[in-house]
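Asks: Once you've had a glance at the structure underneath, I'll fire off some questions.
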Amino acid sequence: MKKQHLLKEAGVAFVAAATLGASVSAVAPAIASASVQPAYVNLSVNKIAIGDTVISGTGTPGDYININDITGKKVFATGNDLKIDASGHFSLQLPAGYAVQLGHTYSVSDSFNLKDVVYFFAGSFSVDTVKDGRTTITGKGIPGHYININDVTSKKVLATGNDVKVDSLGNYSYTLPTGQTFIAGHKLILSDSLNLKSLIQVIVSN
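Mind the numbering: the sequence shown is residues -28 to -1, 1 to 178 in mature numbering (1 follows the signal peptide of the UniProt record, and there is no 0), read in order.
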């Protein structure tokens, strides 16, 4: 019997389809994050975002956790590398120089029950911190895609169509018109114009 769980949170999204006797698989278009914990799977992964260097979550105390970057073909934890503590928590510091990467798919599994697998996807674009008084917003995305930017608070369309293109290195940047700055507390919504389901909500910080 197939069960599907859809969890979204601004910043990585997961879609996990769990089938008894089969692995859990996931796809997601946005930079968002969420814990995925199907009813019969004793694993959950805490919120992650591009640039994070720690992957953590909860599981069965005493069990061991496997963590892999499927896209990058990297094994971060296997065998008895990462044990779930007595309170049911685990945490893995990624190797020096490595962070959660744009567009990569990661898997987390319980080494005592390899049917219990959580996959998560690191999305199609990200946004750097936006601060009060700044005039530029930057981030990373898929080269060749375009980014829409809207100030929801002031009801202004800042960039749309082909205004802001992600360059060949995966970076984008948008500068406000002369005399304008970002204002603390304002809500900004960004999207990938080729995938309008990929939305990120940003609150301008002080």
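Cβ coordinates follow ideal geometry from the N, Cα and C atoms, glycine included.
Remember, it's a predicted structure, so these values are computed and weren't measured experimentally.
Any idea if L130 is buried or exposed, counting beta-carbon neighbours within 10 angstroms, 16 or more meaning buried?
Replies: buried
Asks: Using a Cβ-Cβ cut-off of 6 Å (strictly less than) and excluding sequence neighbours within five positions of I109, which residues of its own chain qualify?
Replies: V102, Y146
Asks: With 16 as the cutoff for other CB atoms within 10 Å, does N40 come out buried or exposed?
Replies: buried
Asks: Just to confirm, are S28 and S59 a CB contact at a threshold of 8 Å?
Replies: no
Asks: Along the chain, where does the beta strand (DSSP E) that runs through G29 open and close?
Replies: 26 to 30
Asks: Rounded to the nearest angstrom, what separates T25 and G69 at their Cα positions?
Replies: 9 Å
Asks: Starting from N178, follow the beta strand (DSSP E) in both directions and report where the run begins and ends.
Replies: Where N178 is concerned, there is no enclosing beta strand (DSSP E), given that its DSSP letter is neither H nor E.
Asks: If contact is defined by three or more beta carbon pairs under 8 Å, each pair taking one atom from either stretch, is the stretch 14 to 25 in contact with the stretch 69 to 82?
Replies: yes
Asks: Flag this pair as yes or no: are the beta carbons of I32 and H61 separated by less than 8 Å?
Replies: The residue you asked about is not Ile; residue 32 is Thr in the sequence shown. No. Outside cutoff.
Asks: Within this structure, are the beta carbons of L86 and N122 separated by less than 8 Å?
Replies: Not a contact, by the Cβ cut-off of 8 Å.
Asks: When you compare only the Cα positions, how much space is there between D164 and H117?
Replies: 7 Å
Asks: Return the CA-CA distance between G157 and N38, expressed in angstroms with no decimal places.
Replies: 40 Å
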